[in-house]
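*Asks:*
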Amino acid sequence: MNEYTTTRHNELVDPSLHIWGWEIPVYLFIGGLVAGMMIVTGYFIFKGKYKDKACVCRVLPLLGMIILSAGMFALFLDLEHKLYTWRLYLTFKVASPMSWGAWILIVVYPAMIASFLVNVPEYFSNKFPWMDKISEKLQQHKYAVKNIGVVNMLLGGLLGIYTGVLLSALGARPLWNSPMLWLLFLVSGLSAASAFVHMVAKRVDERELLAKADNGFLILELFVIALFFIGMVTSTKVHIDSALVLLSGIYAPAFWVFVLALGIVIPLIIQLLAVDHKIKHTPVAPIMVIVGGLVLRFVIVYAGQYTRWVDAAF
Amino acid sequence: MARFGMVIDTKKCVGCMDCVVACKTENDVPEAFNRDWIVQDVRGKNPDLHMEIRTERCNHCDNSPCVYCCPTGASHVHDLGGIVLVTHDLCIGCKACLASCPYDARFINPDGYADKCTFCVHRVEKGLDPACVSVCPTHCMYFGDLDDPNSQVSKLLASRKNHSLIPEAGTKPQIFYLV
Chain A
56 MNEYTTTRHN
66 ELVDPSLHIW
76 GWEIPVYLFI
86 GGLVAGMMIV
96 TGYFIFKGKY
106 KDKACVCRVL
116 PLLGMIILSA
126 GMFALFLDLE
136 HKLYTWRLYL
146 TFKVASPMSW
156 GAWILIVVYP
166 AMIASFLVNV
176 PEYFSNKFPW
186 MDKISEKLQQ
196 HKYAVKNIGV
206 VNMLLGGLLG
216 IYTGVLLSAL
226 GARPLWNSPM
236 LWLLFLVSGL
246 SAASAFVHMV
256 AKRVDERELL
266 AKADNGFLIL
276 ELFVIALFFI
286 GMVTSTKVHI
296 DSALVLLSGI
306 YAPAFWVFVL
316 ALGIVIPLII
326 QLLAVDHKIK
336 HTPVAPIMVI
346 VGGLVLRFVI
356 VYAGQYTRWV
366 DAAF
Chain B
4 MARFGMVIDT
14 KKCVGCMDCV
24 VACKTENDVP
34 EAFNRDWIVQ
44 DVRGKNPDLH
54 MEIRTERCNH
64 CDNSPCVYCC
74 PTGASHVHDL
84 GGIVLVTHDL
94 CIGCKACLAS
104 CPYDARFINP
114 DGYADKCTFC
124 VHRVEKGLDP
134 ACVSVCPTHC
144 MYFGDLDDPN
154 SQVSKLLASR
164 KNHSLIPEAG
174 TKPQIFYLV
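The listed protein sequences derive, respectively, from chains A and B.
The working numbering numbers the first residue of the first sequence as 56 and each following residue consecutively.
The working numbering numbers the first residue of the second sequence as 4 and each following residue consecutively.
(1) In chain B, which residues lie less than 7 Å from HIS136(A) when you measure between Cβ atoms?
(2) List the residues of chain B whose Cβ lies closer than 7 Å to the Cβ of ALA227(A), in chain order.
(3) Identify the contact partners of LEU67(A) in chain B, using a Cβ-Cβ distance below 8 Å as the criterion.
(4) TRP237(A) and SER246(A) - do their beta-carbons sit closer together than 8 Å?
(5) Does LEU123(A) come out as helix, strand or coil in the three-state DSSP assignment?
(6) Please identify the residue among THR60(A), THR61(A), GLY76(A) whose C-alpha is closest to the C-alpha of LEU67(A).
(7) Can you list the alpha helix (DSSP H) stretches of 4 or more residues lying completely in the segment 138 to 216 of chain A, in chain order?
(8) Using DSSP with H/G/I as helix, E/B as strand and the rest coil, what is PHE179(B)?
(9) According to the neighbour-count rule (16 or more other Cβ atoms, all chains shown, within 10 Å of its Cβ), is HIS294(A) buried or exposed?
(10) Any Cβ of chain A within less than 8 Å of the Cβ of ASP12(B)?
(11) Are there three or more Cβ pairs, one per stretch, closer than 8 Å when the segment 345 to 362 of chain A is compared with the segment 242 to 258 of chain A?
(12) Pull out every residue of the segment 154 to 188 of chain A whose Cβ sits closer than 9 Å to any Cβ of chain B, in chain order.
(13) Counting only Cβ pairs nearer than 8 Å, list the residues of chain B close to ARG352(A).
(14) Does CYS120(B) come within less than 8 Å of chain A when only Cβ atoms are used?
(15) Consult DSSP for ILE169(B) and reduce its assignment to one of helix, strand or coil.
(16) State yes or no: is the C-beta of CYS104(B) within less than 8 Å of the C-beta of CYS69(B)?
(17) Go ahead and pull the three-state DSSP assignment for MET287(A).
(18) Verify the CB distance criterion: does CYS3(B) have a CB-CB separation below 8 Å to chain A?
(19) If we call anything under 8 Å between Cβ atoms a contact, is TRP231(A) one with ILE169(B)?
(20) If you reduce the DSSP assignment to three classes, tell me which class TRP40(B) lands in.
(21) Comparing the CB of VAL354(A) with every heavy atom of the ligand FMN, is any distance shorter than 7 Å?
(22) Leaving aside the five residues before and after GLN360(A) along the sequence, list all residues of the same chain whose C-beta is less than 8 Å from its C-beta, in chain order.
(23) Measuring alpha carbon to alpha carbon, tell me which residue in HIS81(B), VAL87(B), THR75(B), VAL80(B) is nearest TYR139(A).
(24) Can you tell me which residues form a DSSP beta bridge with MET144(B)?
(25) For PRO165(A), count neighbouring Cβ atoms within 10 angstroms of its own Cβ and tell me buried if that reaches 16, exposed if not.
(26) If we call anything under 8 Å between Cβ atoms a contact, is CYS94(B) one with HIS136(A)?
(27) At which residue ranges does the segment 272 to 357 of chain A contain complete alpha helix (DSSP H) runs of 4 or more residues, listed in the order of the chain?
(28) Count the other CB atoms, across all protein chains shown, that sit within 10 Å of the CB of ASP82(B); report buried if there are 16 or more and exposed otherwise.
Okay, here's the thing in structure tokens:
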């Protein structure tokens with residue numbers, strides 16, 4: 056037997072850590088989603104698709120900025136010492152993923168604004184003709200536009216990766232302490248973004264392309280999840296116990312049903328049939344993918360806080 | 004440079020919680036929160052059981068993840084003996100340090116900043132022992148420079164079997180328990 060009794064009962068810490076509520080999973084999901092949206096936008100701009108007025112890359116930067124701002128607000132709500140938030144921007148701590156994140160969030164906005172200005176949506180160009188002039192000037196410089204696309208893809212990748220590293224750098228929580236987490240969150244973000252773009256794109260060929268891409272990302276996500284668990288169950292006792300929290304413990308129903316079945320496998324089957332023209336494209340599968348991505352962040356954040364090192368020394 | 008640490012004799016600790024009360028009084032720790040606490044750890048198979056009573060707190064780790072993960076530099080290592088401290092008006096309350104600590108030694112002060120044991124740095128600066136050490140009625144706690152081979156803590160560690168908490172987490176804790 057091993058009976059452990061403590062007199063400590065600190066709020067948010069005991070009996071198990073529960074410092075991060077809904078705000079952090081929502082923010083991590085939004086970070087991944089917007090990262091994916093930036094990569095898709097960057098790809099379309101790089102490929103020269105922005106010249107088409109119906110290209111989804113004209114509206115994605117603005118949507119991305121609005122959604123990311125909502126995510127940053129959720130992050131702000133989570134802070135306990137809100138009046139001191141500005142302290143984040145007086146320093147850069149190279150060993151702190153959160154410091155990297157704070158600065159990445161600042162850097163992605165100019166990149167998204169630049170991609171927005173490549174071909175300003177009509178609503179804005181009619182209202183603010185100066186925006187249209189900037190677009191015209193930008194489009195005269197083909198390589199500048201291509202570079203805006205590349206920068207959006209790179210910064211989108213960095214944003215998506217950081218959302219995973221933020222957790223995996225916290226070695227005290229064995230479930231998060233996986234080198235696969237950044238890849239899982241990046242691929243899940245790309246998948247959610249593809250599903251989102253699939254729903255908002257006007258052009259049929261873009262919808263088809265994004266549905267096919269989403270299928271690829273969902274299959275890749277299954278592989279990454281498998282590797283995540285292989286890494287866990289072949290590691291130390293605390294890591295094995297952490298994996299079991301998701302596989303057969305209290306977070307297993309949410310993981311198996313909402314993340315794997317409803318969030319990946321079933322929408323993947325629906326979308327495979329849709330791209331094969333056996334059934335029609337509907338928003339059902341993309342919505343399932345997006346909700347599944349959100350639940351994945353909730354499950355990982357909550358289950359990770361539930362896991363801990365136990366003292367085996369004495 | 005000195006490297007402050009603590010040695011706790013589990014053969015003498017009776018779990019009276021005097022250290023807990025002393026800490027709360029000395030540091031004005033808010034109600035319902037603790038910077039130090041008592042653990043009763045029972046292991047083995049009946050009737051062959053072994054019980055260890057010990058007082059726990061921040062381990063002021065040499066390789067402190069709470070300092071590395073802090074995005075503002077609020078969590079830092081003090082020049083005086085490597086004590087890990089938090090600058091209150093630099094802390095944004097992001098709670099990354101709480102998540103990074105394998106000992107769950109930190110909490111959020113009701114005023115919004117991350118709070119934890121300071122080894123009573125204000126007393127140590129004056130050459131005094133931390134409050135918890137100075138009040139212990141069984142004299143089971145020792146505080147001193149682990150880098151000085153002639154200090155009482157170093158001598159105890161050299162002469163008695165001891166362990167630290169969760170050494171496998173790799174944080175190099177600076178509190179040791181004599182068994």
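Backbone N, C-alpha and C fix where the C-beta goes; we use that ideal spot for every residue, glycine too.
*Replies:* In short, the structure shows the following:
(1) Position 81 of the first sequence, counted from the start, is the residue given in the question as residue 136(A). Residues of chain B passing the Cβ test: CYS94, ILE95, GLY96, GLY115, TYR116.
(2) Residue 227(A) sits at position 172 when you count from the first residue of the first sequence. Chain B residues near ALA227(A): PRO68, ALA102, SER103, CYS104, PRO105, ALA172.
(3) Within the first sequence, numbered from 1, the residue matching residue 67(A) stands at position 12. What LEU67(A) touches in chain B: LYS98, LEU101, PHE110, ILE111.
(4) Counted from its first residue, the first sequence places residue 246(A) at position 191. Counted from its first residue, the first sequence places residue 237(A) at position 182. In this structure, TRP237(A) does not lie closer than 8 Å to SER246(A) by Cβ.
(5) To locate residue 123(A), count along the first sequence from 1; it is residue 68. LEU123(A): helix per DSSP, three-state reduction.
(6) Your numbering for residue 67(A) matches position 12 in the first sequence. Per the Cα distances, GLY76(A).
(7) 152 to 173, 177 to 182, 184 to 195
(8) Numbered from 1 along the second sequence, position 176 holds the residue referred to as residue 179(B). Reduced to three states, the DSSP call for PHE179(B) is strand.
(9) Residue mapping note: residue 294(A) aligns to position 239 of the first sequence, counting from 1. When all chains shown are included, HIS294(A) counts as buried.
(10) As a working note, residue 12(B) is residue 9 in the second sequence. Chain A, which has no Cβ nearer than 8 Å to the Cβ of ASP12(B), makes this no.
(11) yes
(12) SER154, TRP155, GLY156, ALA157
(13) Translated into the one-based positions of the first sequence, residue 352(A) becomes position 297. Those do not exist, as ARG352(A) stays about 15 Å from chain B at its closest Cβ, beyond 8 Å.
(14) Translated into the one-based positions of the second sequence, residue 120(B) becomes position 117. No, because no Cβ of chain A sits closer than 8 Å to the Cβ of CYS120(B).
(15) Translated into positions along the second sequence, residue 169(B) becomes position 166. If DSSP states are grouped into helix, strand and coil, ILE169(B) belongs with coil.
(16) In the second sequence, counting from the first residue as 1, residue 104(B) sits at position 101. In the second sequence, counting from the first residue as 1, residue 69(B) sits at position 66. Taking 8 Å as the Cβ cut-off, CYS104(B) and CYS69(B) qualify as a contacting pair.
(17) Within the first sequence, residue 287(A) is the residue found at index 232, counting from 1. Correct three-state label for MET287(A): helix.
(18) Since the first and last residues shown for chain B are 4 and 182, residue 3(B) lies out of range.
(19) The residue you call residue 231(A) lines up with position 176 of the first sequence. The residue you call residue 169(B) lines up with position 166 of the second sequence. No, the Cβ-Cβ distance between TRP231(A) and ILE169(B) is not below 8 Å.
(20) Locating residue 40(B) in the second sequence gives position 37, where the first residue counts as 1. DSSP places TRP40(B) in strand when its eight states are reduced to three.
(21) This structure lacks the ligand FMN; in fact it carries no ligand of any kind.
(22) Translated into positions along the first sequence, residue 360(A) becomes position 305. Hits under 8 Å: SER71, LEU72, HIS73, ILE74, TRP75, ARG228.
(23) To locate residue 139(A), count along the first sequence from 1; it is residue 84. With distances taken between Cα atoms, TYR139(A) lies closest to THR75(B).
(24) Sequence index remark: in the second sequence, residue 144(B) carries index 141 (1-based). Answer is ILE11(B), bridged to MET144(B).
(25) On the first sequence, position 110 is the one that residue 165(A) refers to. Exposed: under 16 other Cβ atoms inside 10 Å.
(26) Reading the second sequence from its first residue, position 91 is the one you call residue 94(B). Reading the first sequence from its first residue, position 81 is the one you call residue 136(A). Yes; because the gap between Cβ atoms is below 8 Å, this pair is in contact.
(27) 292 to 302, 321 to 330
(28) Position 79 of the second sequence, counting from 1, holds the residue named residue 82(B). Exposed, because fewer than 16 other Cβ atoms sit within 10 Å of the Cβ of ASP82(B).
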